[in-house]
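*Asks:*
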């Protein structure tokens, strides 16, 4: 009998080498291919869960499976795990659409490894400590907004690059806020509350720029307007709802949002012109790069590469990278 | 006796060569300089009105003038007009601050040569003819807004380059709308009402980006936020005030505003992605270039240059220009 | 018995799903491949006609076919149409070289959907209406030149991007001329005849830059000299054949040809410096972009994509696009 | 009687308005000019000390002064302080070369406002705390090197932009080290000792790139080789003098030096590829920008500009700036 | 009595310090200025001959001089030579328009220091030695063309940068041909005759791009069409006049002309694609840079700068330069 | 019986079509693949020697081969040569690891076609002829250094582009030296010995940037430091070992090394500023481009392409190329 819970994850494939498993997946990719030289067709799939994805093949009797399944849906499958060309694959003997009741969506998308509630509480704590009451009520107007607050706790920070996982936005912002607070004592011209406000709100537009279901993608508004301008619109709406909010603070926060990408060619319509905007833009860029680097090192470690080796060319950074700690520790 | 009205204009200097005139000016620039080799100081000024500006000198007794006048104020002067190094100058013998009652501000800033009321009526006529009722009420929400409408009729389109005069924004928009309407029949994928909406609203942020008194300058918000993002904020506010305004139209209009500069390095956070946005961006750029060219040709003609000559290097366009019509007509 | 006319077109594949057809194609690509794991070889082809192209496979007995056919030739084939991986393919059982008498070349290359003779007549009509007799005889020297005129009516406007079909150059130019004529009234500094002359001659070098037989490609001269400089050479020759042609007009037309790409990095050795050159360059770029956009939308519609979706990333424009009309019409 | 000590400084000019002073200066600029319209010549100078510079004029009897003084030397002068065109000037009646014994060079060049010995001690303290003994002896090999150590305590960090004063290099490095140490806890992949080593040595080449006497300038080696490559050469020499220094550490430190400008076009022959190099490059750039910004705000405050105003266009940053704190505090 | 020949040259000013001279000049610049503080006007001029230019002043009685002289004409003057601000000036007491019979134009424009007839003969010799008869007759078709040949021997190679003197084009081409011939043996894939043809013809368009009378300037055609496209047109005309000239050679020579600037942003519509075009473009750029460098070193030597000093920033090369030979020779 | 020497080379495959051969190869690539549709796996390899590389397949019994062989090792194989899809492949029946004694490494990597000893002697001859004794002993300090000298004679000049073969660095340098010597007479401001020193040492860092065994690759130091900075470090060490070596010469040689890539974006931290550095940079770039071009033409000729055809797009040069000699010679 097929089970009713997901108890096999992609990351566990090595433990099940050669065994037959029954489990659930999200279907990331789905296509019928022709058997070369032998006539007939087979089904090629990429199946995924929160721990990764793997190739699957269904050689026979896939007509009924095809009739009900599609990319983006959840399936229950039975099949044998085996290694081909250095990677684990699964050869399916059964596949059917999974019922909603059988599936816990959180099992199928990558998520932050930190506790979202704890991160949220820490972030709110920083805001509660603001000396500037106007900025405090502005930030809480976002965090306490039901729809925004919920989305903020879930949203990834990107579709593919750094922090591309549930809770990634919150994780990214929280690290950024911590770094901002650590750096602020050395720059007396910076208003700490203003800087932290910028750090918390700069990417708020991502809650509408990205959508996250079984996969992450851009919304149409995200592509046509972009998270910078979405955020600016959200700011205007919140400010309008706060009687007596100082115009000067509005302009300074708006400026941080608009300029945080730091360069025109990265989609910022303004360059950073205040101490807070310059600091925020530099630390945001740094934090994204460090996380992207961490992802590359993790991928290489998972692939068993030695620390003495450089990574492949990293396209988003236009260079290869070296994990200096692993390099130094290696004998 | 000194008169009480401005009856001498900079453009008329040639008619008054060698004569003493009594008139009013705005003070564009004001500085005390040392008389070389002879000891003592004198006052050097640039005085301007709507027809242009000219240098002035006050060699003696300028202490009391200095005590009350400053850059940006209006003055009443008496002095002699004469030509130095090919340009007219005025040597002042008297100067005092002008009373508000003596001055008609319109005499001191350059203005469109077209009738603002007529242009406004023509523009409104195009909107009344919209088939799309939602876009019609959106555009009228701007035009009928007292503050915005008044500012729209007065604003220059730029601080220095094309259409840098009172009414310049309206003049620029109206020509753009006419050209859009002329071109639309050849591009069936374009929604005419949507395009004209974009043409009317794309630069609406300039009413807050620029300030226009005795001189034109950028507001602080203009520098920190920019007319593109200001316009986007204004759009959001108007849309929120229109119950049931379709979300799709909002995104498409917002996209036209954000992308109308056509390139990231010109401050657009998005590239044009719809037929309307591509058409608007191309025709807006063309219209600005043609007007800039017209200004150059006008300046050369005023300076008496022959049509067979190219202009000097035009920095904003990174090239010299040739007035082909004048070139062909010249014997 | 095999038929003697092409009565199956690629675009009709869906109607023949599962059926055996006998028809003609141009061979776009041709290669022998090894049957994986089973020994032996098979023939893989891409067959095309004016409506598109499709994959073909010949599993057996292809030795004699291989001996006589090659890329670029026409073949008669018999085979079964079927869908693999979402696309129609044809499995060939017979293939032989087609005789010249069996083939109407027009069936094998994409063509404009407009009537070439009508477009040609319209274009000539605009020239006949020129007030400037010199420009009129110059343009007719091109249009009435047997070789040039014939090629002008047939040439595509590009190898791959916008207007890559027979008659595409004429279609592109005619739209451009119409738009120029529509816009001219708003720019009094523009000489209409001069502008239209530029519109008609700017791409004339494409008749030598491109070759169009069963496929479109660049000529060696096209790659080494380019259509801009080819056009300039053609202009010099025609002008030399017209006694008394004014030197000034020659320079102005030559300048429009040389500068019409608008930027050095697009291969223009000069930037546009006259009103006509600036207008021509802007409208030519716009017209090419609008047609490229139309092609993308057509491709997506053919693929059954919903209007609410953006296109894939369009490499030549460095952005995705949105069909705003389809987007608005969609429920 | 002329005094023997410098007791008038440029920054005090306002207190001496209209008075005759006797004091010392460094000669920054020196030229003979023709008296316009009156025949004869006069001497025009720029005189400077550590607090700034001011214009001077000597109208008569300057022949003997000219015979002994030149740019870069120290002079004793007598003259009258007065304001011309909004700035203080001094009209000289006497000038002679100053004897070495009359001059304390520290009075003539701008210096850090911090205590150099204290900064030096703090910096050494961080190195003493290194856990990595190899890096500790490497850094001390530089700091304890007599010539390098002395120069390091004196050198400016730039000729003109940020930290262009005696002790500026040490001040810049110390702030950078503090910021690095504050940020390190948030990036576990970073080796703190390695990062701080990079922060201390990255600009060490400036001790040979710049020369600092009465003015700051580039050495010939500085222009032909540059501080990045000079530093790399210095590192190689020090490493060669340390038996058994690990090759891996040498490569990682060398890489930080070579890549710290972060972009090829800023003269870095390598992009940062390790966590330490990426962090160092980002924080170094940030620290330089924040100091440049501080200089701009200081200049505006000294000139009496209101905090609500933006600065002029700052060429090195390609934008104007806003002192947000002053802006918020202003009524 | 005033003499009738030019026997004072700008370069000789030092020998005449304090003396009154009577001589001829070309008027490069001419303006009336106001005497500061003293009333009245004076005449300020720049006077030049082939050895350079110097400032002149005429303080009195310049009305009749003004009535007949203008920029670009030749004048006879009497005046006193003296040094102001480190440069020689001349204070005029008399000035009148010079008669054509008094002036040898060659005295007034800078010229090559080599013998033009010898250079011409050497160049022709290389062509006579061509093995390829078609290229030989092509090049001679240019050199033996009366108008072109005369202009070729006189034309400068540039308006301001390298080789900006009479005979400069020939001098530049001859050096380039010599270098090409020296390098060719090391590149067997290069056709020597084809390369030398390219070297001789690549800049031939400069005979129409530039005009050279008393000053050098661009012609209108030079600005609107440019020397690259002018040369291409000249090539087409010559080729058409040579029956049976091989089409392949025409394309290869045309390609060298079009691509010799080596980059799109330098105005080449094509990049070099053949061995000859790549070699020509590289050596032409090198030759121009070496001459520009020589000019800078000459200027510094004339100004008495020491060889150990770098030049000022050279704008056209975006760097300062060092005369390495002088640097090494200096003690 | 299997033979003990390599007597079959990849370039000879056509002679052995259909035959069974026994020979040795280096393993460039090695992977196990799944037999499509038929179950089971097979081994796919790329085998190479100094003449090229070819695909190989092993369908059965490859378990023991897999256990001992890997990428980068040498193998002895038996198999049948046959053509698939226009290229030769080998179907293996036996494969084992080769013993070191069976393999001559020189058989497995591409090498210069010139005699290394002769090239070395010619290069040394040029140095012996130096007039400048300091430069002579500097260059010999490199050439006579055992480790450096050996590496210099073997190193390739690049991993993939021009001169990517054993001896390629020496071959590249020697041609460059010859060209430099041929050009020097035309540039009197160039010091010939200094220039040739630069030519010999500019790429010396490549002996540590690249590693060459059975394949060419970058060392970790090569990626992190780069050959320019490696060379600079080597220069500093050699200069330190030469007592009394003139500082001026050191700076000039160092500058040539640092600037030889000619542009910041190509990794040069300095632009060329001396006549020698400008000449070296231009001729080095030319020599690399000419060799890259030669490689492209060789590849096309080997593939049987006609000389009238242009090459495919060459990515490193961003253009296609034309072999003009072949083009002219073709009928």
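Residue numbers (the numbering used here), protein chains in the order written: chain A, 1 to 331; chain B, 332 to 662; chain C, 663 to 993; chain D, 994 to 1324; chain E, 1325 to 1655; chain F, 1656 to 1986. Here a beta-carbon is modelled for each residue, glycine too, at the ideal position from N, C-alpha and C.
Just checking my contact of residue 1128/D with residue 1187/D at CB under 8 angstroms: how many whole Å lie between their CB atoms?
*Replies:* 7 angstroms
*Asks:* According to DSSP, is residue 1708/F helix, strand or coil?
*Replies:* strand
*Asks:* Please report whether the beta-carbon of residue 2001/F lies at a distance below 7 angstroms from any beta-carbon of chain A.
*Replies:* This structure leaves residue 2001/F out entirely; chain F is present only between 1656 and 1986.
*Asks:* Does DSSP put residue 968/C in a helix, a strand or coil?
*Replies:* coil
*Asks:* At which residues does the alpha helix (DSSP H) containing residue 426/B begin and terminate?
*Replies:* Per DSSP, residue 426/B is not a residue of any alpha helix (DSSP H); the beta strand (DSSP E) it occupies stretches across 418–428.
*Asks:* Return the chain-ordered list of same chain residues with a C-beta closer than 7 angstroms to the C-beta of residue 846/C, the five sequence neighbours on each side being excluded.
*Replies:* 852, 854 and 857
*Asks:* The stretch 1851–1873 of chain F: which residues have C-beta closer than 8 angstroms to a C-beta of chain E, in chain order?
*Replies:* none
*Asks:* Spatial neighbours of residue 638/B within its chain, please: CB distance less than 7 angstroms, with the 5 preceding and 5 following residues excluded, ordered by chain position.
*Replies:* 654, 657, 658, 660 and 661
*Asks:* With DSSP run on the structure shown, which of helix, strand or coil describes residue 15/A?
*Replies:* helix
*Asks:* At a cut of 8 angstroms, does the stretch 1877–1895 of chain F reach the stretch 1261–1268 of chain D through at least three beta carbon pairs?
*Replies:* Yes: at least three Cβ pairs fall under 8 angstroms.
*Asks:* The alpha helix (DSSP H) with residue 547/B in it runs from where to where?
*Replies:* Not the alpha helix (DSSP H): residue 547/B falls in the beta strand (DSSP E), residues 547–549.
*Asks:* For residue 970/C, which residues in chain A fall below 8 angstroms Cβ to Cβ?
*Replies:* 220
*Asks:* Quick check for students: name the residue ranges of the alpha helix (DSSP H) that lie wholly in the stretch 1414–1482 of chain E, counting only runs of 4 or more.
*Replies:* 1440–1452, 1457–1467 and 1470–1478
*Asks:* Taking 7 angstroms as the threshold (beta carbon to beta carbon), is residue 1241/D in contact with chain F?
*Replies:* no
*Asks:* Rounded to the nearest angstrom, what separates residue 1609/E and residue 1253/D at their Cα positions?
*Replies:* 33 angstroms
*Asks:* Given a threshold of 16 other Cβ atoms within 10 Å of its Cβ, counted over all protein chains shown, does residue 1236/D qualify as buried or as exposed?
*Replies:* exposed
*Asks:* Measure the Cβ-Cβ separation of residue 1375/E and residue 1334/E and say whether it is below 7 angstroms.
*Replies:* Yes, they are a contact pair.
*Asks:* Identify which residue in 408/B, 372/B, 349/B and 345/B has its Cα closest to the Cα of residue 358/B.
*Replies:* Cα-wise, what sits closest to residue 358/B is 408/B.
*Asks:* What residues match up with residue 353/B in a beta bridge as DSSP calls it?
*Replies:* According to DSSP, residue 353/B shares a beta bridge with 409/B.
*Asks:* Output the boundary residues of the beta strand (DSSP E) element that contains residue 343/A.
*Replies:* Outside the shown range of chain A, which is 1 to 331, sits residue 343/A, and nothing can be said about it.
*Asks:* So within the stretch 1924–1978 of chain F, which uninterrupted alpha helix (DSSP H) runs reach at least 4 residues, ignoring any that extend past its ends?
*Replies:* 1930–1957
*Asks:* Does the beta carbon of residue 595/B come closer than 7 angstroms to any beta carbon on chain A?
*Replies:* Yes, because at least one Cβ of chain A sits closer than 7 angstroms to the Cβ of residue 595/B.
*Asks:* Does any C-beta atom of chain B lie closer than 7 angstroms to the C-beta of residue 1547/E?
*Replies:* Residue 1547/E belongs to the set of residues whose beta carbon lies under 7 angstroms from a beta carbon in chain B.
*Asks:* For residue 1380/E, count neighbouring C-beta atoms within 10 Å of its own C-beta (all shown protein chains included) and say buried if the count is 16 or more, exposed if not.
*Replies:* Buried is the call here.
*Asks:* Using a Cβ-Cβ cut-off of 6 angstroms (strictly less than) and excluding sequence neighbours within five positions of residue 1943/F, which residues of its own chain qualify?
*Replies:* 1817
*Asks:* Exposed or buried, which one is residue 1355/E when buried takes at least 16 other CB atoms within 10 Å?
*Replies:* exposed
*Asks:* Rounded to a whole number of angstroms, what is the C-alpha to C-alpha distance between residue 1718/F and residue 1699/F?
*Replies:* 13 angstroms
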